[in-house]
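Chemist:
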Amino acid sequence: MRLLIGGSSSFIFHLKEFSDTLNNLGVESKLVFDADYYDGFPSRKIRNWLQTRKKFNKLIDEFKPDAVLIDRQRHFGIGTLKAKIPLFVLLRGHYWSELYWNKRTMYKPLHKRLALWQWDKLGKEIFNGATAILPICRYLEKITNEYVP
C-alpha cells in the first residue's frame, strides 16, 4: 500500500513521525507540505490564488498513492477527490465550532468573511467526499457524527 500524507506546516513534525513509523512497518508513505503542491484562494500568498493542479497531478502520477491522508480541509483534499483517490481526513479539533467563533470574532471584515466562506465550502466538500473522517478523540467522533452523518 502507498499512502500520500498532505500536512500543514503546524503539524508536519507529528505527521513525519507517523510516516516514518508506517515506512518501518512496510507501508510505503510519502509526507508533503500540502500547500507546496496545491493551494488556491483563500491563501495568505496572493500568488497562490491562481495556482493550477499541475504540481499536484505530477505528484500523484509519480507516487501513485492508494490513499491520501490530510490533516486540514484545503485544496489538497479537493485535488484528491477530483483524482478519485480514497481520502482520509485526520480531524484534530472541533472544526465547526472554530467556524462559528471565527464568524463572530476575528473574521468580521468582508475580506476575512469571504475567506472563511471559501474555507467552509472546501471543508463541506471534503467532509462529504472523504472515505473516512478520523477524529483524534471520542468527543470529536460524536461531534463529527452530528455534522457529517
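The numbering used here applies: residue 24 is where the sequence shown begins, and numbers increase by one.
No residue lacks a Cβ here, since even glycine has one placed at the ideal position from N, Cα and C.
Measuring CA to CA, which of 80, 112, 164 is closest to residue 147?
Modeler: 112
Chemist: Between the Cα of residue 104 and those of 131, 91, 114, spot the shortest distance and give me the residue it belongs to.
Modeler: 91
Chemist: Which residues mark the beginning and the end of the beta strand (DSSP E) in which residue 157 is found?
Modeler: 155-158
Chemist: Flag this pair as touching only if the stretch 96-110 and the stretch 35-44 have three or more C-beta atom pairs under 8 Å; answer yes or no.
Modeler: Result no; under three Cβ-Cβ pairs closer than 8 Å.
Chemist: Nearest by alpha-carbon distance to residue 144: which of 116, 127, 31, 97 is it?
Modeler: 97
Chemist: With a 10 Å radius around its C-beta and 16 neighbouring C-beta atoms as the bar for buried, classify residue 128 as buried or exposed.
Modeler: exposed
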